[in-house]
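Under our numbering, the first residue of the sequence shown is numbered -13, with each subsequent residue one higher.
Each residue gets a CB set at the ideal place from its N, CA and C atoms; glycine is no exception.
Nothing here was measured: the structure is a model prediction, and the numbers come from that model.
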Amino acid sequence: MARKHVYEFGNTAFLQGAGAAVVMTEDVGFLEDKKFTVTTVIPAKGSTVAKKEIDFVPFGHDNKLPLIIMKKIHENTIVGSNIEFKSNMAYGDGLTVFRRTKSEGEIKIDELLPDDAPEIFQFLSDSNYMRVMQEVAADLVVFGDAFVHLSFGKRLKNDKPRVVQIWHREMCFSRISKQDDVTKRIEYHGYSSQWGEQSAPDDVIVTRLLDRKSPLYDLKVRTGLAINPDTGEKDDEGESGYTVSLNMPVPGRYYYNRPYWWSIFLDWYEFSCAIPKFKKALLKNQMVLKYHVSINMSFWPKLYKSEGITDAEADKQVACKKKFLQNLNDFLSGEENAGKSFVSHFQYDRINKYEENDIIIKPLESFIKGGEYIEDSEEATNVICNTMAVHPSLKGASPGKSKNINGTETRELFIIAQVLFKPLRDMMLLPLYLAKEINGWDKNIEFGVKNIMLTTLDKNTGSEKSIGNEKV
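See below:
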């Protein structure tokens, strides 16, 4: 009877006879750095580059890494919530325009109103920079990099360069060109919704990319505001705009960043995703689990190949998969199978220092009492939050046995979190400082992100206390 009861739930399955939960884990090889083959494209309409062919570097295996990362974020409630929290923290209380003045030995910050700097506020409105900031914050939190385009508009001959708008370029649809053999720099940015879908997209908008090491100096040289060190003269390239990379420093990365928090995909991420599915299966089917079986997604193509099944034979692949799960169920269930050995192969990645197994079988001691996997879920949540630099208490989850945290501790954690976003906020504001230099705005005007202020009412006094520093 048990042979008929094999249930599949997407990337998980339950073998009723064996009481085994099966998880199809994804191969973490999508994070590996491999030798790449450039994608050669012809700039599409809207490009500022007239070059016939440009070689672009793929972002991850099959040029799909950004979309894979976003898919994984949406599939895990903890990771998705952390990304949203950090993006909102980076945005803070919004953009502020101010002057920094010194009076009697003290530095004061005077916030400006639209009437004080009408040209700047009109520019921010024309660029919808509040939205640009939110989009840049999200990209920086997820990818550790972001791109914006400084548009000069249509320029006539001898017109001075002037930034009229700033546009955000989504990281998922952005690629950068291979290092130029002569200049030893990355010269171009390619923007397309077809990256990873086609071998050579036909809608790539190509623009010149400013030097990532010193974008302001490079912009001044290219627009004739500074002397070109190669020619000894001031030369204006006459371009209608340039793209800027706002990448955060990550050691050892040249083309694309790999944020530190991506390490969760090597271990705890899959575990965190599996727990809710197991809980749902338990509640829905009252299943008693005896084994936890992890099957690497890369195992199935190898199995199909050994059975002589091609990629075009989808029905045969489904049947082969079900047959294997049924055989696994038969192997793990029944007294006659007690004491049998199971052999599986694994390989060791010497670069990333982890074992990659085809199949892992772990026995479980589990009884349905209504609180299964709570401690495991808490542990996974705490590890993921720690890796992503988000204290669980700031989102309502309190680690530890007491589960309690008072308001003062929460406010202090919130203040500390805002301080740690300073490097990221600097990158969010960099495009405005580039525009300020090119457009000739008042040199004393600065830009900042206001901190969110938390308040508390003192007992029996009716007075309000401000917690934190509202300065930028």
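(request) Within its chain, find whatever has a CB closer than 6 Å to the CB of L464; leave out the 5 residues flanking it on each side and keep chain order. (result) Outside the shown range of the chain, which is -13 to 458, sits residue 464, and nothing can be said about it.
(request) Determine the extent of the alpha helix (DSSP H) in which I401 is found, giving its start and end residues. (result) As a first step, residue 401 must be located in the sequence shown, where it is residue number 415. I401: member of the alpha helix (DSSP H) spanning G393 to V405, first to last residue.
(message) Rounded to the nearest angstrom, what separates E256 and N368 at their Cα positions?
(response) Your numbering for residue 256 matches position 270 in the sequence shown. Your numbering for residue 368 matches position 382 in the sequence shown. Taking the straight line joining both Cα atoms gives about 14 Å.
(message) For I453 and N114, I'd like the C-alpha separation in whole angstroms.
(response) Residue 453 sits at position 467 when you count from the first residue of the sequence shown. Residue 114 sits at position 128 when you count from the first residue of the sequence shown. In this prediction, I453 scores a pLDDT of 47, lower than 50, which makes its location untrustworthy; the coordinate-derived value is nonetheless stated afterwards. So the alpha carbons of these two residues sit roughly 31 Å apart.
(message) Which of the three DSSP states is assigned to N68 in this structure?
(response) For this step, residue 68 is matched to residue 82 along the sequence shown. Of the three classes helix, strand and coil, the one that applies to N68 here is helix, per DSSP.
(message) One question on the structure: do D48 and G182 come within less than 8 Å of each other, judged by their Cβ atoms?
(response) Position 62 of the sequence shown holds residue 48. Position 196 of the sequence shown holds residue 182. Contact flag set, yes.
(request) Closer than 8 Å by C-beta to D189: which residues in its own chain qualify, once you throw out the five before and the five after it? Chain order, please. (result) Here the question's residue 189 lines up with position 203 in the sequence shown. Here the set comprises A30, S178, S179 and Q180.
(message) I'd like the span of the alpha helix (DSSP H) that includes W248, first residue to last.
(response) Counted from its first residue, the sequence shown places residue 248 at position 262. For W248, there is no enclosing alpha helix (DSSP H), as DSSP marks it with neither H nor E.
(request) Pick helix, strand or coil for A324, following the three-state DSSP scheme. (result) Working through the sequence shown from its first residue, we reach residue 324 at position 338. Legend: pLDDT at A324 = 48, less than 50; position of this residue unreliable, no value from coordinates given.
(message) Spatial neighbours of I295 within its chain, please: C-beta separation below 7 Å, excluding the five flanking residues on both sides.
(response) For the purposes of this step, residue 295 is taken as the residue at position 309 of the sequence shown. Once the five neighbours on either side are set aside, the close Cβ partners of I295 are K302, Q303 and C306.
(request) Can you check DSSP and say which residues form a bridge with R194? (result) Numbered from 1 along the sequence shown, position 208 holds the residue referred to as residue 194. Y174.
(request) Determine the contact status of L126 and L420, defining contact as a CB-CB distance below 8 Å. (result) The residue labelled residue 126 in the question sits at position 140 within the sequence shown. The residue labelled residue 420 in the question sits at position 434 within the sequence shown. At the C-beta level, L126 and L420 stay beyond 8 Å of one another.
(message) On the DSSP letters alone, give me the boundaries of the beta strand (DSSP E) that H135 sits inside.
(response) On the sequence shown, residue 135 is found 149 positions in, with the first residue counted as 1. For H135, the enclosing beta strand (DSSP E) has its first and last residue at F133 to S137.
(request) State buried or exposed for T217, treating a residue as buried only when at least 16 other CB atoms are found within 10 Å of its CB. (result) Residue numbering aside, residue 217 sits at position 231 when the sequence shown is read from its first letter. Result: exposed.
(message) What would DSSP say about V43, mapped onto helix, strand or coil?
(response) By 1-based counting over the sequence shown, the position of residue 43 is 57. Coil.
(message) Based on DSSP bridge pairs, tell me the residues matched to G227.
(response) One-based indexing of the sequence shown puts residue 227 at position 241. BP columns for G227 point to S137.
(message) By alpha-carbon positions, which one of D167, I402, K422 and M413 ends up nearest to N437?
(response) Residue numbering aside, residue 437 sits at position 451 when the sequence shown is read from its first letter. The option with the nearest alpha carbon to N437 is I402.
(message) Check whether the region 121 to 138 and the region 86 to 96 touch, using three or more Cβ-Cβ pairs below 8 Å as the test.
(response) These segments do not touch.
(message) Let's test the definition: count the other Cβ atoms within 10 Å of the Cβ of P262 and tell me whether it reaches 16, buried, or not, exposed.
(response) Here residue 262 refers to the residue found at position 276 of the sequence shown. P262 sits exposed, since fewer than 16 C-beta atoms from the chains shown fall within 10 Å of its C-beta.
(message) Taking the alpha-carbon of A375 as reference, which of E39, A36 and I69 has the nearest alpha-carbon?
(response) Walking along the sequence shown from the start, residue 375 turns up at place 389. Comparing alpha carbon positions, the residue from E39, A36 and I69 closest to A375 is I69.
(message) For I370, tell me which candidate among S249, M116, N313 and T394 has the shortest Cα-Cα distance.
(response) Taking the first residue of the sequence shown as 1, we reach residue 370 at position 384. With distances taken between Cα atoms, I370 lies closest to S249.
(message) For G66, which residues in the same chain have their Cβ closer than 8 Å to its Cβ, ignoring the five residues on either side in sequence?
(response) Looking up residue 66 in the sequence shown gives position 80. So the qualifying residues of the chain are I59 and H60.
(request) Compute the Euclidean distance between the alpha carbons of D362 and F264, then round it to the nearest angstrom. (result) Mapped onto the sequence shown, residue 362 falls at position 376. Mapped onto the sequence shown, residue 264 falls at position 278. In this structure, the straight-line span from the alpha carbon of D362 to that of F264 is close to 12 Å.
(request) State the CB to CB distance for the pair I431 and I106, rounded to an integer number of angstroms; the pair is presumed to be in contact (CB under 8 Å). (result) Against the sequence shown, residue 431 aligns to sequence position 445. Against the sequence shown, residue 106 aligns to sequence position 120. I431 to I106, Cβ: 7 Å. Contact.
(request) Would you tell me roughly how many angstroms separate the C-alpha atoms of A260 and S231, rounded to the nearest one? (result) Counted from its first residue, the sequence shown places residue 260 at position 274. Counted from its first residue, the sequence shown places residue 231 at position 245. Taking the straight line joining both Cα atoms gives about 36 Å.
(message) I need the boundaries of the beta strand (DSSP E) containing H278, first residue and last residue.
(response) Residue numbering aside, residue 278 sits at position 292 when the sequence shown is read from its first letter. Annotation: the continuous beta strand (DSSP E) that includes H278 extends over Y277 to N282.
(request) Would you mind reading off the limits of the beta strand (DSSP E) that contains K408? (result) Residue mapping note: residue 408 aligns to position 422 of the sequence shown, counting from 1. Note, K408: premise wrong, no beta strand (DSSP E); alpha helix (DSSP H) at K408 to N425.
(request) Report the residue ranges of all alpha helix (DSSP H) runs contained in full by the region 73 to 137; include only those spanning at least 4 residues, in chain order. (result) Within the region 73 to 137, the runs of alpha helix (DSSP H) that reach at least 4 residues and sit entirely inside it are, in chain order, 104 to 113 and 115 to 129.
(request) State yes or no: is the C-beta of R171 within less than 8 Å of the C-beta of D197? (result) Numbered from 1 along the sequence shown, position 185 holds the residue referred to as residue 171. Numbered from 1 along the sequence shown, position 211 holds the residue referred to as residue 197. Yes, they are a contact pair.
(request) Kindly give me the distance between the Cβ atoms of V27 and G176, rounded to whole angstroms, as I take these residues to be in contact under 8 Å. (result) Along the sequence shown, read from residue 1 onward, the residue named residue 27 stands at position 41. Along the sequence shown, read from residue 1 onward, the residue named residue 176 stands at position 190. In this structure, V27 and G176 form a Cβ contact; the two beta carbons are roughly 7 Å apart against a cut-off of 8 Å.
(request) Taking all protein chains shown into account, decide if I93 is buried (16 or more other Cβ within 10 angstroms of its Cβ) or exposed. (result) Counted from its first residue, the sequence shown places residue 93 at position 107. Only exposed fits I93, as fewer than 16 other CB atoms lie within 10 angstroms of its CB.
(request) Have a look at M439, N243 and K21 and flag the residue whose alpha-carbon is nearest the alpha-carbon of S160. (result) On the sequence shown, position 174 is the one that residue 160 refers to. Closest option to S160, Cα to Cα, is N243.
(request) Could you give the DSSP three-state label for F22: helix, strand or coil? (result) Taking the sequence shown and counting its residues from 1, one reaches residue 22 at position 36. Three-state DSSP puts F22 in coil, outside helix and strand.
(message) Rounded to the nearest angstrom, what separates E223 and D102 at their Cα positions?
(response) Start at 1 with the first residue of the sequence shown, and residue 223 comes out as number 237. Start at 1 with the first residue of the sequence shown, and residue 102 comes out as number 116. Near 34 Å, if we compare the C-alpha coordinates of D102 and E223.
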